[in-house]
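Take the position in the sequence shown, starting the count at 1, then add 35; the result is the number in full-length UniProt numbering. Note that beta-carbon positions come from the ideal geometry of N, C-alpha and C, so glycine has one too.
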Amino acid sequence: DHGGGPAGPAGHAGMHGGVHTGGPAVDQLREPPGPADVDLTLVARGGRVTLPSGRVIDGYTLNGTTPGPEIRAVQGQMVQVRLVNADVAEGVTLHWHGYDVPAGDDGVAGVTQDAVLPGGEFVYRFRAEQAGTFWYHSHQVADPQVKGGLFGALVVTPHAGLGEVGDVPALTHLYDGRRTVNGREGDVAAAGAPGQRVRVRVVNTDNGPVQVWVGGAPYRLVATDGDEVDGPTPSTDSLAITAGGRADLEVDVPADGSGVRVEIGGSSAVTFGAARPPTPRPARELDPLHHGTPTALPFDPDAADRRFDYVIGRRPGFLDGTPGLWWTVNGAMWPDVPMYVVREGDVVRMRIENGSGEVHPMHLHGHHAVVLARDGVPATGSPWWVDSLDVADGHSYDVAFVADNPGLWTDHCHNLAHPAEGLTAHLVYE
Ligand code: C2O
Ligand code: CU
Numbered sequence: 036d037h038g039g040g041p042a043g044p045a046g047h048a049g050m051h052g053g054v055h056t057g058g059p060a061v062d063q064l065r066e067p068p069g070p071a072d073v074d075l076t077l078v079a080r081g082g083r084v085t086l087p088s089g090r091v092i093d094g095y096t097l098n099g100t101t102p103g104p105e106i107r108a109v110q111g112q113m114v115q116v117r118l119v120n121a122d123v124a125e126g127v128t129l130h131w132h133g134y135d136v137p138a139g140d141d142g143v144a145g146v147t148q149d150a151v152l153p154g155g156e157f158v159y160r161f162r163a164e165q166a167g168t169f170w171y172h173s174h175q176v177a178d179p180q181v182k183g184g185l186f187g188a189l190v191v192t193p194h195a196g197l198g199e200v201g202d203v204p205a206l207t208h209l210y211d212g213r214r215t216v217n218g219r220e221g222d223v224a225a226a227g228a229p230g231q232r233v234r235v236r237v238v239n240t241d242n243g244p245v246q247v248w249v250g251g252a253p254y255r256l257v258a259t260d261g262d263e264v265d266g267p268t269p270s271t272d273s274l275a276i277t278a279g280g281r282a283d284l285e286v287d288v289p290a291d292g293s294g295v296r297v298e299i300g301g302s303s304a305v306t307f308g309a310a311r312p313p314t315p316r317p318a319r320e321l322d323p324l325h326h327g328t329p330t331a332l333p334f335d336p337d338a339a340d341r342r343f344d345y346v347i348g349r350r351p352g353f354l355d356g357t358p359g360l361w362w363t364v365n366g367a368m369w370p371d372v373p374m375y376v377v378r379e380g381d382v383v384r385m386r387i388e389n390g391s392g393e394v395h396p397m398h399l400h401g402h403h404a405v406v407l408a409r410d411g412v413p414a415t416g417s418p419w420w421v422d423s424l425d426v427a428d429g430h431s432y433d434v435a436f437v438a439d440n441p442g443l444w445t446d447h448c449h450n451l452a453h454p455a456e457g458l459t460a461h462l463v464y465e
């Protein structure tokens, strides 16, 4: 995968599916074969693609569409997806963004598997233990492939279901610079009866953050990156969703029959009920660091077994022999970036600092981290769980997680142009 998806430089270093960590090879860390509850085949193709809006772009499809089919499972079910590459010359994979799958199914070309070449296939299997909003995308030359549409939604509903609450996935993406929701430009009308509560699952598949707000009713931010918020309170603020991140918003459709608009990026909206004009973006922003009710964490972040720094910078140098201005991690350029070594069961604390001049949406595979502090200011709200976190220039975050998923995991920027420019490091189990 030379030329770089998130693992671009790593792939170039010649790592393949058989990579040995201290434990078993990554490709041995897989679910054994067997029957599955959700079982589908996704066929990837490249070329001219007609979007639901009618616009034609150069891109990719899965089973003939972009976004690809929504994959939906009930918590506890076994999910099996057979990826077939019809004709994508540079190869494809599927990564389950935010889902803590076994390492061998993580879909990182050059790290956990080789890219699936034309005529080839790869079968992914994982048990859907966690309910929430996720997505999948190719992790081979990921910047052009994700920009071009090789992705889809992954929704896992709780055992108990959502009750009477309506469930509306809203995958937002810029195709050739034009904002879409579920592949459509402009407004998308969704089903929601007057008085009904609806959950809008916003998934940001872009390289940069998107602002979301609601006109016509307050909303509650009920989940971030697939984890429920404790004690969410009604808000009318704007909410930033980082690249790769998800936010579930619950809205009560007004009983009087008036309309609601969930504004996405200012040019698209998911609408319920009667038509209403677009709502200007509120000046205030909701800060998940101080939102909801604090509750006990399942581990003690003050008793950390490992403490790491992930300091992002930038300097001139050579990457793969090409001169340029490249990203650095802890002062070093690819491939001298850190391998964060952990042992299963460790409580890991990480300080992410960014002095590089640009925002970086940092994404850790295979684990969910809780945000402890921003710029040294401690969190006061509900535990804020993330797998994708915008780290703005000049800012720092302290996060913590439990090393509970053995293997080799990439921890990279989800502005997918950046990992190919060296902004990627890895977590490895000894
Ligand atoms: Cu959504 Cu490593 O990626
Ligand atoms: Cu970046």
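- Straight across, the Cα-Cα distance linking T314 with P373 is about 45 Å.
- Exclusion of T259 from the 7 Å shell around the ligand C2O follows from its C-beta lying no nearer than that to any non-hydrogen atom of the ligand.
- The Cβ-Cβ distance between E388 and D428 does not fall below 8 Å.
- Nearest to Y159 by alpha-carbon distance, out of D337, T85, E66, is E66.
- Cβ-Cβ distances below 6 Å link G390 to G348 in the same chain, with the five nearest sequence neighbours on each side left out; the list follows chain order.
- The secondary-structure analysis by DSSP pairs W444 across a beta bridge with L462.
- Annotation for T101 indicates a beta carbon at 7 Å or more from all heavy atoms of the ligand C2O.
- DSSP places A177 inside the alpha helix (DSSP H), whose first and last residues are 177-182.
- With contacts defined by Cβ atoms closer than 8 Å, V405 and L332 form a contacting pair.
- Not one heavy atom of the ligand CU falls within 7 Å of the beta-carbon of N239.
- Annotation for W248: the continuous beta strand (DSSP E) segment containing it runs 245-250.
- According to DSSP, H174 shares a beta bridge with no other residue.
- The set of residues with CB atoms less than 6 Å from any heavy atom of the ligand C2O reads, in chain order, P41, H130, H132, H172, H174, G279, H398, H400, T445, H447, H449.
- At a threshold of 7 Å, H430 does not count as near the ligand CU, since its beta carbon sits no closer than that to any of the ligand's heavy atoms.
- Runs of the alpha helix (DSSP H) lying entirely within the UniProt domain "Plastocyanin-like" (93-194) and spanning at least 4 residues, in chain order: 177-182.
- Under DSSP, L256 shares a beta bridge with L284.
- Residue nearest to V78 within the set P70, H398, D72, V127 is V127 (criterion: CA-CA distance).
- If the five residues before and after G201 are omitted, its C-beta is found closer than 6 Å to the C-beta atoms of G227, Q231, V233, all from its own chain and listed in chain order.
- Sequence-distant partners of E125 (beyond 5 residues in either direction) whose C-beta falls short of 6 Å from its own C-beta, in its chain, are V176.
- With a threshold of 7 Å, the Cβ atom of L189 does not count as near the ligand CU, since no heavy atom of the ligand is closer than that.
- About 5 Å separates the beta carbons of G187 and P102, which is inside the 8 Å limit, making them a contact pair.
- Put simply, the backbone Cα of H208 is about 14 Å away from that of Y95.
- Shown here, V61 sits in a helix according to DSSP, grouped into three states.
- Closest in alpha carbon position to D344, among G184, H403, P253, D433, is D433.
- Taking 8 Å as the cut-off, the Cβ atoms of V143 and H174 count as close.
- P312 carries a coil assignment under DSSP once its states are collapsed to helix, strand and coil.
- Residue burial annotation: A318 is exposed, with fewer than 16 other C-beta atoms found within 10 angstroms of its C-beta.
- Taking a cut-off of 8 Å for Cβ pairs, the region 274-284 and the region 248-260 touch, as three or more such pairs fall below it.
- Residue environment for D422: buried (at least 16 other C-beta atoms within 10 angstroms of its C-beta).
- DSSP, read as helix, strand or coil, puts D202 in strand.
- The alpha-carbon separation between H402 and H132 amounts to approximately 10 Å.
- Between the region 443-454 and the region 234-251 there are three or more C-beta pairs closer than 8 Å, enough to call the two in contact.
- The ligand CU never approaches L354 closely enough for any of its heavy atoms to be under 7 Å from the residue's Cβ.
- Secondary structure note for F353: its beta strand (DSSP E) is the uninterrupted segment 341-354.
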